[in-house]
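Participant:
2 protein chains.
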Amino acid sequence: MTHGSTLHEVLIVVFQVRRFPDTHGGTKTELGVLLWQRALDPQAGTWSLPGGRLHDDEDLTTSARRQLAEKVDVREVAHLEQLSVFSDPHRVPGPRTIASTYLGLVPISSDPRLPEDTAWHPVSDLPAMSFDHGIMVENARTRLAAKLSYTNIAFGLAPAEFAMSTLREIYCAALGYQVDATNLQRVLKRRDVLTPTGTTAPSGRAGGRPPALFRFTESRLRVTDEFAALRPPG
Amino acid sequence: MTHGSTLHEVLIVVFQVRRFPDTHGGTKTELGVLLWQRALDPQAGTWSLPGGRLHDDEDLTTSARRQLAEKVDVREVAHLEQLSVFSDPHRVPGPRTIASTYLGLVPISSDPRLPEDTAWHPVSDLPAMSFDHGIMVENARTRLAAKLSYTNIAFGLAPAEFAMSTLREIYCAALGYQVDATNLQRVLKRRDVLTPTGTTAPSGRAGGRPPALFRFTESRLRVTDEFAALRPPG
DNA sequence: GCAAAAGTGTTTCTTGTACACCCATGA
DNA sequence: TCATGGGTGTACAAGAAACACTTTTGC
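Sequence lines, in order, name chains X and A.
Each residue of the first sequence is one higher than the one before, starting from 1 at the first, in UniProt numbering.
Each residue of the second sequence is one higher than the one before, starting from 1 at the first, in UniProt numbering.
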């Protein structure tokens, strides 16, 4: 009676900074999440995170990559990391299913083809979500915001090379509040997160000084501000 | 073929700050972890984390509490939180088993009775560990150290009321380096983590001023230093 | 030249560290 | 009164936020 038929699924919260239609007919840049709409019951019509059953011969990360491949070109996913596990025995109808959630990041520059039932939604205005998927998105959003502050995780959202104004847009969208480009640059430079490419981009349609281009020094997650307080002596 | 008989286990890394015998016959205060020694194969003689199979009708946290009850009085566990999942298909011999790890904290003041096969080990000098349990301890230690810096998680390691010197000992043991008691008090006071009880303890055997006593303002995890950089404006 | 965008410099504030000095107790 | 531990105050440094000012482009 203690362990009958428990299934295990992987669900991935994929974020990308995108332009979404505004309420006034304009557009606004915001954090978007990849969702697909359930055609069948249970909860037909609600929107779900990409993912599915874990296979016997794969670990969670491998599974996450495989499941994502059904929705987007996986090469577009620049970063993938484990979040928490949802294990309430009644979180979904049917056989007991444990869900391991992942955070996935797609750079702003790419616009992968999506299946018919799949679309990006702004996180500030989610549609009716399936089961506990809404909480999972909230969770992931909080984790992303926290990590933007003390790691180099933004490499997952930024293009290979970018101007500081672009990076600023990305931070603003992901954090949900205004960030000063000047200070952003100073902070990231001091922590050795950014490297100047030495090149500049052409200036925009309205003129203006051509921006210097940067890239992320590393494209693997690194903690850049380990201890806010109680640092080791020395 | 895709989902035959995958099992799920919960493993708990339980920490307590304790006195351990020194190499020179003295004692030193250090972070200890609760382990039990396997009597049977596989890997008989190696030391394992407490835990076991997840039941069909319980979520992970409930399971962790139940499993711990077999080793220690669960009321001693002041804090319990989810860590990461280990899902390599071959992490243990036999049927495929996914492990969800938890971090548990026991206050320095309590000394729970333990079963015959169970003992505290200093994290700096672990015995031969079973399977991937050594990595799990390392993981948990890193997470604890990080959270000591930006949350009030130390409430899980401290007694109900304590002098600053005691709290200092706890931080030193858990972090593995010296912490200044003066500054520790200032940091925690500013963040409103500590509340003075207004009482003092009797001074020690060698005299000295009687220390003021404090307690943790909250005994639930709270983030006390959310953004090191890139704070919201205002 | 003017507007627009990018980049630099300066000031101020907060937070944390280091350390010297004062306080309360037991023997 | 002295050793011992506890507590306070002050000086210093680093990091980050705010904002004014300069530079480089298109028109």
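Idealized CB from N, CA, C, for every residue including glycine.
Would you report the Cα separation of residue 156/X and residue 220/A, rounded to the nearest angstrom?
Facilitator: Mapped onto the first sequence, residue 156/X falls at position 156. Mapped onto the second sequence, residue 220/A falls at position 220. Spanning the two alpha carbons is a distance of roughly 33 Å.
Participant: Excluding five sequence neighbours on each side, which residues of the same chain lie with their C-beta closer than 6 Å to the C-beta of residue 117/A?
Facilitator: Residue 117/A sits at position 117 when you count from the first residue of the second sequence. Only 36, 37 meet the Cβ criterion.
Participant: In terms of residue numbering, what span does the beta strand (DSSP E) encompassing residue 37/X cover?
Facilitator: Taking the first sequence and counting its residues from 1, one reaches residue 37/X at position 37. Per DSSP, residue 37/X belongs to the beta strand (DSSP E) from 27 to 37.
Participant: Can you tell which of 74/A, 93/A, 88/A, 64/A has its C-alpha closest to the C-alpha of residue 81/A?
Facilitator: Position 81 of the second sequence, counting from 1, holds the residue named residue 81/A. It is 64/A.
Participant: Which first and last residues belong to the beta strand (DSSP E) in which residue 9/A is found?
Facilitator: Stepping through the second sequence from its first residue, residue 9/A is reached at position 9. Here the beta strand (DSSP E) through residue 9/A covers 7 to 21.
Participant: Which residues mark the beginning and the end of the beta strand (DSSP E) in which residue 98/A is found?
Facilitator: On the second sequence, position 98 is the one that residue 98/A refers to. Start and end: 97 to 105.
Participant: Among 29/X, 33/X, 7/X, which residue has its Cα nearest to the Cα of residue 135/X?
Facilitator: In the first sequence, the residue the question calls residue 135/X occupies position 135. Ranking 29/X, 33/X, 7/X by Cα distance to residue 135/X puts 33/X first.
Participant: Do three or more CB pairs link the region 46 to 60 of chain A to the region 189 to 198 of chain A at distances below 8 Å?
Facilitator: No contact exists between the region 46 to 60 of chain A and the region 189 to 198 of chain A.
Participant: Span of the beta strand (DSSP E) holding residue 85/X?
Facilitator: As a working note, residue 85/X is residue 85 in the first sequence. Start and end: 79 to 86.
Participant: Could you tell me the distance, in whole angstroms, from the CA atom of residue 2/A to the CA atom of residue 176/A?
Facilitator: Residue mapping note: residue 2/A aligns to position 2 of the second sequence, counting from 1. Residue mapping note: residue 176/A aligns to position 176 of the second sequence, counting from 1. Low confidence applies here, because residue 2/A scores a pLDDT of 42, under 50, leaving its location unreliable and the question unanswered by this model.
Participant: Let's test the definition: count the other Cβ atoms within 10 Å of the Cβ of residue 224/A and tell me whether it reaches 16, buried, or not, exposed.
Facilitator: Here residue 224/A refers to the residue found at position 224 of the second sequence. Per the 10 Å Cβ criterion, buried.
Participant: Give the secondary structure of residue 118/X by DSSP, where H, G and I count as helix, E and B as strand, and everything else as coil.
Facilitator: Counting from one through the first sequence, the residue named residue 118/X turns up at place 118. The answer is strand: DSSP assigns residue 118/X an E or B state.
Participant: Can a CB atom of chain A be found closer than 8 Å to the CB of residue 14/X?
Facilitator: As a working note, residue 14/X is residue 14 in the first sequence. Output row for residue 14/X: interface = no.
Participant: Using the beta-carbon of each residue, which ones in chain X are nearer than 8 Å to residue 57/A?
Facilitator: Indexing the second sequence from 1 puts residue 57/A at position 57. The contacting residues are 89.
Participant: Quick one, which of 202/A, 103/A, 231/A has its alpha-carbon nearest residue 83/A's?
Facilitator: Translated into the one-based positions of the second sequence, residue 83/A becomes position 83. If we check each option's Cα against that of residue 83/A, 103/A comes out closest.
Participant: What is the DSSP secondary structure of residue 131/X, counted as helix, strand or coil?
Facilitator: As a working note, residue 131/X is residue 131 in the first sequence. Here residue 131/X sits in coil by DSSP.
Participant: Mind listing which residues of the region 155 to 178 of chain X have their C-beta closer than 9 Å to chain A's C-betas, in chain order?
Facilitator: The region 155 to 178 of chain X vs chain A, Cβ under 9 Å: 171, 175, 176, 177, 178.
Participant: Of all the CB atoms in chain A, is at least one closer than 8 Å to the CB of residue 82/X?
Facilitator: In the first sequence, counting from the first residue as 1, residue 82/X sits at position 82. For residue 82/X, the answer is yes, since a Cβ of chain A falls inside 8 Å of its Cβ.
Participant: Could you check if residue 174/A is buried or exposed, using at least 16 other CB atoms within 10 Å of its CB as the buried criterion?
Facilitator: The residue labelled residue 174/A in the question sits at position 174 within the second sequence. With 16 or more other Cβ atoms within 10 Å, it is buried.
Participant: What does the alpha-carbon distance come out to for the pair residue 264/A and residue 154/A?
Facilitator: Here chain A covers residues 1 to 234 and nothing more, so residue 264/A does not appear.
Participant: Please list, in chain order, the chain X residues whose beta carbon lies closer than 9 Å to that of residue 225/A.
Facilitator: Counted from its first residue, the second sequence places residue 225/A at position 225. Within chain X, the residues near residue 225/A are 228, 229.
Participant: Let's see if you can read the secondary structure: which residues bound the alpha helix (DSSP H) around residue 167/A?
Facilitator: Taking the second sequence and counting its residues from 1, one reaches residue 167/A at position 167. Taken as a continuous stretch (DSSP letters only), the alpha helix (DSSP H) holding residue 167/A covers 164 to 175.
Participant: So what does DSSP say about residue 199/A, is it helix, strand or coil?
Facilitator: Taking the first residue of the second sequence as position 1, residue 199/A is located at position 199. The answer is strand: DSSP assigns residue 199/A an E or B state.
Participant: Bridge partners of residue 53/A, per DSSP?
Facilitator: Here residue 53/A corresponds to residue number 53 of the second sequence, with the count starting at 1. Looking at the DSSP assignment, residue 53/A forms a beta bridge with 9/A.
Participant: For residue 233/X and residue 172/A, I'd like the C-alpha separation in whole angstroms.
Facilitator: For the purposes of this step, residue 233/X is identified with residue 233 of the first sequence, where counting begins at 1. For the purposes of this step, residue 172/A is identified with residue 172 of the second sequence, where counting begins at 1. The straight-line gap from Cα to Cα measures roughly 12 Å.
Participant: Residues in the region 142 to 153 of chain A with C-beta within 9 Å of chain X's C-beta atoms, listed in sequence order?
Facilitator: Against chain X - using a Cβ distance shorter than 9 Å - the residues of the region 142 to 153 of chain A are 145, 146, 148, 149, 150.
Participant: For residue 91/A, write down the residues that DSSP places opposite it in a beta bridge.
Facilitator: For the purposes of this step, residue 91/A is taken as the residue at position 91 of the second sequence. Paired residues: none, contrary to the question.
Participant: So residue 86/X and residue 101/X are in contact, right, with Cβ under 8 Å, and what is the actual spacing, rounded?
Facilitator: Stepping through the first sequence from its first residue, residue 86/X is reached at position 86. Stepping through the first sequence from its first residue, residue 101/X is reached at position 101. Confirmed, Cβ separation roughly 7 Å.
Participant: Thinking just about the alpha-carbon of each residue, which of 138/A, 78/A, 150/A is nearest to the one in residue 227/A?
Facilitator: Taking the second sequence and counting its residues from 1, one reaches residue 227/A at position 227. Looking at the Cα atoms, 150/A is the closest of the given residues.
Participant: Kindly list the residues whose CB is nearer than 6 Å to the CB of residue 169/A, restricted to its own chain and excluding five residues on each side of it in sequence; keep chain order.
Facilitator: Counting from one through the second sequence, the residue named residue 169/A turns up at place 169. Correct list, in chain order: 29.
Participant: Assuming residue 66/X is part of the alpha helix (DSSP H), what are its boundary residues?
Facilitator: For the purposes of this step, residue 66/X is taken as residue 66 along the first sequence, with counting starting at 1. Per DSSP, residue 66/X belongs to the alpha helix (DSSP H) from 60 to 69.
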